[in-house]
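Residue numbers (the numbering used here): 718 to 1143.
The beta carbon of each residue, even a glycine, is placed where N, CA and C say it ideally should be.
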């Protein structure tokens, strides 16, 4: 079957690129790719930096965006455009698909995130800092005042630069409408450091921006996780193998409902560099409420997949997509720990779900009167839950990424062994 044009157009409107001859695959540059291009440094890299992956070189993609056998309440996908739980499209050949994914990624970098944008953002940052420093004022400045005080840049351009300076802790704000220099930044400027040196120390410089852009034109990681259930694509093993031949590292994030596919990937030597399995809550009732499976036997299939992980010849990660009041509750701790000890993955990754896209409607999906923010966990809540898992299980926290609201726990992994993916793991 062909993917209906209405579905393709809906995805394109929301910043996806639908690629390939048969239009069942897509890419979408994530927030962190743009952030990394604005600094070129690890201060704005996503949690994948644990593994040595640069956000600007990562292709966030899926070979099966309209197909999924879950209907998760936290999914950012508009599930009204789902075409069901089986892959019914004519599948593109993996060689063609990989070439198209890479081509579109590079095209997006060149035309939507050109170097000139990052360099201009850098200049706006310099002008904002010069303006604030010259005022000798510790009280906040409103955004319109800042715009008026610097050269003629658009409000959008100034907003973007302010956000970057805030994210890098140079600017502080109490209400997101007015900003002031952090004490640390102000002290450095008063000691005589130049604005350029302050930017170099805490944010970026022009050389780093150039280097980051050049890296982005040569992607080397495929995160097969964007949308849908990627293991429904019939050539998922060949897709991984094709990326590997191009010296890419790969992730697959799966819901675990296709254990036969996981076995086949292992048997054929086509497992990704890291296999993430989104682990459901430890009770079947909570699983049905949160993940809303479309296929009978899904719970049992997930348990079968989990029992395969300890013997797979690749890194394995249990992903808990954390949703407040649903799957990160005190009464679930013991069940999660039992699952972790039974499964023995290399890692457990606890990541807060994000209120974006269709997940903004989580309350409607749950027929709840609570606002969406009720289900959104901040970093402190994820940290508390992770520490409870760590203390109860005895497994240690290996890495954290506050900005991504992500915490990694090492289970079956020596503390002496690097987290960075090695050459032989591509």
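Annotation for residue 1132: 1113, 1115 place their beta carbon closer than 8 Å to its own, counting only its chain and skipping 5 residues before and after. Residue burial annotation: residue 993 is buried, with at least 16 other C-beta atoms found within 10 angstroms of its C-beta. At a Cβ-Cβ threshold of 8 Å, residue 912 and residue 847 count as neighbours. CA-CA distance, residue 1056 to residue 999, rounds to 7 Å.
By the Cβ-count criterion, residue 777 is buried, with 16 or more other Cβ atoms from all chains shown falling within 10 Å of its own Cβ.
Contiguous beta strand (DSSP E) elements confined to the segment 1078 to 1130 occur at 1114 to 1118, 1123 to 1127, taking only those with 3 or more residues. The criterion of a C-beta distance shorter than 8 Å is not satisfied by residue 971 and residue 955. Annotation: the continuous alpha helix (DSSP H) that includes residue 819 extends over 811 to 829. Taking residue 843 as the centre and dropping the five residues before and after it, the same chain places the C-beta of 912, 913, 916 closer than 8 Å to its C-beta, in chain order. Counting only residues of its own chain and dropping the five nearest sequence neighbours on each side, residue 948 has a CB closer than 6 Å to the CB of 971, 975, 978. Straight through space, the alpha carbons of residue 889 and residue 963 are spaced by roughly 43 Å. In this structure the segment 829 to 843 does not lie against the segment 793 to 800, because fewer than three pairs of beta carbons, one per stretch, are closer than 8 Å.
By the beta-carbon neighbour count (other beta carbons within 10 angstroms, threshold 16), residue 877 is buried.
Taken in chain order, the whole beta strand (DSSP E) runs of length 3 or more contained in the segment 933 to 986 are 938 to 941, 966 to 971. Residue 744 places its beta carbon less than 8 Å from that of residue 818. Among the bridge pairs identified by DSSP, residue 1045 is matched with 1041. Note on geometry: alpha-carbon atoms of residue 738 and residue 809 lie some 7 Å from one another.
Looking at the DSSP output, residue 1068 sits in a beta bridge with 1038, 1123.
Residue 870 carries a coil assignment under DSSP once its states are collapsed to helix, strand and coil.
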